[in-house]
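If you use the numbering used here, the sequence shown corresponds to residues 29 to 372, in order.
The beta-carbon is built from N, C-alpha and C at its ideal position, and this holds for glycine as well.
From a predicted model like this one, the values you see are computed outputs, not experimental measurements.
Notes follow once the structure below has been shown.
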Amino acid sequence: MTDLTTTVGPLRLKNPVLAASSEATMTEEGILGCLDAGAGAVVAKSVNESPAAARQLHIADYALLGATGEPVPWPHRTGGETLLCRSGLAPLEGWLAMLERTQVYARGLGAHVIGSITVAEPGPAADLAREMAREMARVVPAVEVNVGAPHGREAGAVRQVTGPETVARYTRAVRDAVDVPLIVKLPAQTDSPRALAAAARDAGADVIAMIGRFNGFWPDPVTSEPVLGSWGAVGGPAMLPVSLYWVSKTFAADRRTPLIGTNGARTAADVARFLLSGARAVELASVVLLHGPGVLGDLVRDLDEVLAAGGHTRVADAVGAAVDRSRAYADIPPRDRPPRPWED
Ligand SMILES: Cc1cc2nc3c(=O)[nH]c(=O)nc-3n(C[C@H](O)[C@H](O)[C@H](O)COP(=O)(O)O)c2cc1C
């Protein structure tokens, strides 16, 4: 038995498998389903102050791409597909009351519901965070602020912030408004997520979640039509090494700032890969949309086995273990001649 508890800055979680903010966590039923499955925490679907962001949900669309890139109809999904989508935010009406109800339920299971804001403007994001965090943990025990929504490139209702100064400005505005743990979720689409992580930490973030999904475009070679009829956001197993790269580099640069990994994890082995790269917990969305919330329970069970097989008796032992074993290119001794494995 592995000790699956994990400490993510001020948050103590019963396990590191978290339901990420997505349409799977947009309803009370969805959140309760993730909690019942055994998630360590559930990040609720994001909201913001802009009614346009909620309206954007009405033009949302979701396409699955199979292994060779062909669209796969949802009823025929296998779970291995890449998800390309346009998304919006949840409507604010009744949202805080719903968060409070689900948080009370979560507490009974030793779990948490984390409120999420995908930013438009910093001031209103801070006001909303204050409302969410009212009377410390009555509504939510932590607030996650996503400053990097890929859809921010396509529509003004949310922002994709890619520079350290602006990340710091948004982080500071929310930090000044709340005492609860603040998680800042960073975009993939930037020169250096690591630099953004440092900016967010210096501006008061307790935890960094990284990295968001990339922007994507996928034309059909026969019809010339782009899948979804537009640009979108893309994630999937192919993104996992990129996410692990930035988590591991951020961990290597600063071991004190707790990291949550996201983007590309589908299996317990993937969750372990995030931990070994330096994350203390992992947020998963696509796998929940593909298989339903029950998959979170399977991931928790399988993670126990995967970590035990790796000789880790506690999550904390696994965190960053692969980073400790990584060498800089300069430290790798050269061979007598360059290898040519493709000829063997
Ligand atoms: C359909 C969909 C909706 C999403 N909505 C949000 C959101 O409202 N707020 C947010 O911070 N992230 C959102 N995300 C990003 C996820 O929380 C997660 O970070 C990302 O999908 C990468 O994890 P995955 O590979 O497990 O899907 C969304 C992702 C998907 C696929």
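Practice task
May I ask whether a heavy atom of ligand 1 can be found less than 7 Å away from the beta carbon of residue 35?
Solution key: Along the sequence shown, read from residue 1 onward, the residue named residue 35 stands at position 7. Checking the Cβ of residue 35 against ligand 1 gives no.
Handout entry: First through last residue of the beta strand (DSSP E) which encompasses residue 40
Key = Your numbering for residue 40 matches position 12 in the sequence shown. It spans 39-41 - the beta strand (DSSP E) in which residue 40 sits, taken as one unbroken run.
Exercise for the section: Take residue 36 as the anchor and find which of 278, 127, 284 and 100 has the nearest alpha-carbon. Expected result: Counting from one through the sequence shown, the residue named residue 36 turns up at place 8. Checked all of 278, 127, 284 and 100; the closest Cα to residue 36 is 284.
Practice task
Name the one or two DSSP bridge partners that residue 62 has.
Solution key: In the sequence shown, the residue the question calls residue 62 occupies position 34. Beta-bridge pairing links residue 62 to no other residue.
Handout entry: Unbroken beta strand (DSSP E) run spanning residue 114, endpoints
Key = Taking the first residue of the sequence shown as position 1, residue 114 is located at position 86. Per DSSP, residue 114 belongs to the beta strand (DSSP E) from 110-114.
Exercise for the section: Report yes if the CB atom of residue 141 is closer than 8 Å to the CB atom of residue 59, and no otherwise. Expected result: Reading the sequence shown from its first residue, position 113 is the one you call residue 141. Reading the sequence shown from its first residue, position 31 is the one you call residue 59. The answer is yes: Cβ separation under 8 Å.
Practice task
Output the residue ranges of the beta strand (DSSP E) runs that lie fully inside the region 257-319 and measure 3 residues or longer, sorted by chain position.
Solution key: 260-262, 287-290 and 309-312
Practice task
Could you please give the first and the last residue of the uninterrupted beta strand (DSSP E) stretch that includes residue 206?
Solution key: For the purposes of this step, residue 206 is identified with residue 178 of the sequence shown, where counting begins at 1. Premise fails: residue 206 is in no beta strand (DSSP E) and is neither H nor E.
Problem - Nonlocal neighbours in the same chain, by C-beta distance under 8 Å from residue 155, ignoring five residues either side - result: Numbered from 1 along the sequence shown, position 127 holds the residue referred to as residue 155. Within the same chain, residue 155 has close Cβ partners 77 and 205.
Handout entry: Element boundaries [beta strand (DSSP E), containing residue 126]
Key = By one-based count along the sequence shown, residue 126 stands at place 98. From DSSP, residue 126 is part of no beta strand (DSSP E) but of the alpha helix (DSSP H) over 123-136.
Problem - Assigned secondary structure, residue 352 (DSSP; H/G/I helix, E/B strand, else coil) - result: Counting from one through the sequence shown, the residue named residue 352 turns up at place 324. Helix at residue 352.
Exercise for the section: Report whether the distance from the Cβ of residue 281 to the nearest heavy atom of ligand 1 is below 7 Å. Expected result: Here residue 281 refers to the residue found at position 253 of the sequence shown. Because no heavy atom of ligand 1 lies under 7 Å away, the Cβ of residue 281 does not count as near it: no.
Handout entry: Inter-residue spacing [alpha-carbon to alpha-carbon] between residue 6 and residue 210
Key = Since the displayed the chain opens at 29 and closes at 372, residue 6 lies outside it and no answer follows.
Handout entry: Beta-carbon separation (whole angstroms), residue 310 vs residue 323, contact threshold 8 Å
Key = For the purposes of this step, residue 310 is taken as the residue at position 282 of the sequence shown. For the purposes of this step, residue 323 is taken as the residue at position 295 of the sequence shown. About 13 Å separates the two Cβ atoms, so there is no contact after all.
Practice task
With DSSP collapsed to three states, give me the class of residue 87.
Solution key: Looking up residue 87 in the sequence shown gives position 59. Three-state result, residue 87: helix.
Problem - heavy atom of ligand 1 below 7 Å from residue 243 C-beta - result: Start at 1 with the first residue of the sequence shown, and residue 243 comes out as number 215. Not under cutoff, so the answer is no.
Handout entry: Unbroken beta strand (DSSP E) run spanning residue 244, endpoints
Key = As a working note, residue 244 is residue 216 in the sequence shown. First-last of the beta strand (DSSP E) with residue 244: 242-244.
Exercise for the section: Kindly confirm or deny that the region 320-334 and the region 273-289 touch, where touching means at least three C-beta pairs closer than 8 Å. Expected result: no
Practice task
Inspect the CB distances between the region 83-90 and the region 99-117 and report whether three or more fall short of 8 Å.
Solution key: yes
Exercise for the section: Go through its chain and collect everything with a Cβ distance to residue 267's Cβ below 8 Å, but skip five positions before and after it. Expected result: Along the sequence shown, read from residue 1 onward, the residue named residue 267 stands at position 239. Excluding residues within five positions, the ones whose Cβ falls inside 8 Å are 216, 241, 242, 291 and 292.
Handout entry: For residue 341 and residue 352, the rounded distance between their alpha carbons
Key = Numbered from its first residue, the sequence shown carries residue 352 at position 324. Numbered from its first residue, the sequence shown carries residue 341 at position 313. The straight-line gap from Cα to Cα measures roughly 18 Å.
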